[in-house]
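Just so we're on the same page, the working numbering is the position in the sequence shown counted from 1, plus 14.
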Amino acid sequence: MLKKSICNMCFLRCGLNVHVVNNRIEKVMPMQEHPFNTLCPKAQGIGEWVHSPARITHPLKRSKGGWRKISWDDAFEYLADELAAIKDKYGAKSLVVYSGMAFAGTYDVRAVVQRFCDLYGTPNLTRGASYCHWARVIGHSLTFDYDTVEIIPDVDRTACVLNWGTNPEESRIPLALKIKRAKERGAKLIVIDPRRTKMAKEADIFAQIRPGTDGALALALLNVIIEERLYDESFVQKWTFGFEQLAKHVESYPPEKVAEITWIPADTIRNIARVYATNKPATIIQYVSLDHSTNGVQTSRAIAILMAITGNFEVQGGNIVCPRLKTANLSITKSPKEDTISPQYPIFNLFVKQPTVSPLAEVILSERPYPVKALIVQGANPALTWPNSKKVKAALSKLDLLVVIDLFMTETAKLADLFLPATAFLERKQLVTYGVTGQLPLIFRADPAIVPPGQCMDDWRIWCELGRKMGYGKYFPWEDADEIFEDYLAPTGITVERLKEAPSGIFYARWKERAYTEKGFNTPSGKVEIYSELLEKHGHSPLPIYTEPPESPISRPDLVKEFPLILITGPRVRWFTHSQHRNVPTLRKKMPEPFVEINPRTAQALAISDGDKVNVKSLRGEITLKAKVTADIHPQVVCLNHGWEEANANMLVDDTARDPISGYPSFRSLLCRVARA
């Protein structure tokens, strides 16, 4: 039997043709009529992942003797009683709910979770936005559109690709193929990265930047473009607010000065600026690596301004805005959430409309600004993916109640009081919009391809049943996911029936070039906000600035003797997504164990050979893994992947030094030392 569905092994959500025999996935193939149909290796592991013998298929409750199976009725009764007692003793805001990357773009789940939190009374529903994606969205939105903007690189029609800090051949294979085709057409390719990736080796210009200094480079590019009058004077005059202040501001970032900061020669900086500004249309690609910085929002602001003043914003082949789908708000409480766990990040709260989870470990341990006693984790693995894992595990262990909703016994689940088994994406109905990751104005609905094992339950149903058990039944009327979809889509005119008739999805909007010429930009000035009065109001620089990483050879020279190397964590690999999929044999064979990349010169000085076991140590902790000696990493930099239980990169990461606007920590510019184990 052939079923059409959407892959959820990563956030790209490629179209699938799923071949099913006797309720088992025999193979998956690309859905050719879907715009995303280049399946990466993870998709080939779907069958092994879904049918894994490691799946948890019954609710589990922790007892003195370990885990024991319980019924769903008992699970809901236990959870409802515990939540009621915690609310009575500590107040509703002592509950935090965290949903992970698995639910990006999935709205049946988000709608019911938000409704549950509203009814319970907690303002502390948060999600993966706390550590991914939203730092750049905030930076772009402050500049272009206060309603939040998703910016797409229009690679198909560009004359120049500036690929800034991303490695799409590992993380976004369809995008990598587009870049390859663009280069074959004659487009220029610029790559900025601390690592000499495969794409960097094929670039017209490769700049091997010091980790964490991207903001300085962006300001230097603005310096050159303004000084040499390479900007679009007509656009700047008519559609920008604060250009004169910017021009004066970037005088402090000449290429010679920034070369010392970034390790990129001044001539290369000038060359990047000229090639980007004069080969039009040009597009900039930036993703999570620039988010993972204590200067991430301001860096994204500077990059947004680069797009704008060169005339490369909202034009074919430049950077364009993905239209949002205007759906129903199914929340009970429509007002902004107040008294959250992250009052120190009001701009994040304003744009994301949720608090950030980044201070949560400290909040739990210190009980400031108030006690947090319960955490429900859905489709996420904080024990491995949040920074400073030792502190995170201490915080999780201090909770009165930890509940995990997942498919597998993760590192986080091992600490839980209650485990609720969820269905996999091919076992439930799906409604996916692609605008959430700035890809396409496309919405897609899929039926289940197979029946779930055991007693696994859809996430939305778990929350509805819990809500009913707690006395909120009239607010959870839905008996089928399609009913939620209908309510959610009501303002759009798109119905479930229409989606059923469109197996490759429905495009809900068309992009219009330079749409801002009709109504202006959705900002207070109606223009591109180079100078942000909102940032100024909240005590931040109204112009993009560069701040040195809080843990670097420059900011902490006192640490350099003990920790002489700069550490990058978290580069993506095509085999896994975060801490997922290492239990898929086909994928694990491709990368059986973690490693740290180290330059041959550095390795020789430390008497390290390729394949040696080494210890990597930071101020927070130490892990042991194998060395991979490669000339593709700078001699002063080492790099390792995250998501491994046996060598957890986040044991090394600082959780306290954060971007003052987004709350994002610095996953990718820390200090460490490496020695043979």
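All C-beta atoms in this analysis are idealised placements derived from N, C-alpha and C, irrespective of residue type, glycine included.
Boundaries cannot be given for L244, as no beta strand (DSSP E) includes it and DSSP labels it neither H nor E.
From the listed residues T347, Q46, L235 and P269, the smallest Cα separation to A318 is found for L235. Contact fails between the region 464-474 and the region 101-112, because fewer than three Cβ pairs, one in each stretch, are under 8 Å apart. For G80, the enclosing beta strand (DSSP E) has its first and last residue at G80 to K83. In terms of Cα proximity to S593, the closest of F490, L440, M423 and P505 is M423. A287 and A617 have their C-alpha atoms roughly 35 Å apart.
Taking N293 as reference, the option from I204, P360 and L364 with the minimal CA-CA separation is I204.
If only complete runs of 4 or more residues are kept, the region 519-604 shows the alpha helix (DSSP H) at 530-533, 547-551 and 599-604, in order along the chain. The beta-carbon distance between K215 and E183, rounded to whole angstroms, is 11 Å. This is too long to meet the 8 Å contact definition.
By the C-beta criterion, the region 82-99 is judged not to be in contact with the region 439-447, since fewer than 3 inter-stretch pairs fall below 8 Å. For the region 431-460, not one full-length alpha helix (DSSP H) segment reaches 4 residues or more.
In this structure, the alpha-carbon of A436 lies about 18 Å from that of V598. For the region 24-98, the continuous alpha helix (DSSP H) assignments of 4+ residues that do not extend past its boundaries occur at 55-58 and 60-64, in sequence order. If only uninterrupted beta strand (DSSP E) runs of at least 3 residues are considered, those enclosed by the region 201-270 are 202-206 and 219-221.
Counting only runs of at least 3 residues, the region 616-640 fully encloses the following beta strand (DSSP E) elements, listed from N- to C-terminal order: 627-631. Judged by DSSP secondary structure, S113 falls within the beta strand (DSSP E) whose first and last residues are L109 to S113.
With fewer than 16 neighbouring CB atoms inside 10 Å of its own CB, R82 falls in the exposed class. Taking T370 as the centre and dropping the five residues before and after it, the same chain places the C-beta of S144, S356, Y359, F362 and G677 closer than 6 Å to its C-beta, in chain order.
Of the candidates V64, D132, R596 and M15, the residue whose Cα lies closest to the Cα of I346 is D132. Contact check for R186 against L26 passes: the beta carbons are separated by less than 8 Å. Under the three-state reduction of DSSP, R171 is assigned to helix. Taking 8 Å as the cut-off, the beta carbon of T509 is found no closer than this to the beta carbon of Y522.
A straight line joining the alpha-carbon of K103 with that of L413 spans about 14 Å.
Judged by their CB atoms, V42 and L53 are nearer to each other than the 8 Å cut-off.
Partner residues in the beta bridge of Q392, as assigned by DSSP, are S113 and I419.
The Cβ-Cβ distance between C686 and L620 does not fall below 8 Å. Following the DSSP letters along the chain, one finds Q312 in no beta strand (DSSP E) but inside the alpha helix (DSSP H) bounded by residues G310 to I323. Within the region 115-157, the runs of alpha helix (DSSP H) at least 4 residues long that lie entirely inside it are, in chain order, 121-134. Taking C-beta atoms under 8 Å as the contact rule, V610 and V630 qualify, at a distance of about 6 Å. Within a 10 Å sphere around the beta-carbon of N664 sit 16 or more other beta-carbons, which makes this residue buried. It is roughly 15 Å from the alpha-carbon of R38 to the alpha-carbon of A57.
F362 carries a helical assignment under DSSP once its states are collapsed to helix, strand and coil. V417 and I152 have their C-alpha atoms spaced approximately 30 Å apart. For F499, the enclosing alpha helix (DSSP H) starts and ends at A495 to L503.
In terms of CA proximity to A232, N177 leads the group F255, K197 and N177. The shortest C-alpha to C-alpha distance from N309 to any of I675, A691 and V688 is the one to I675.
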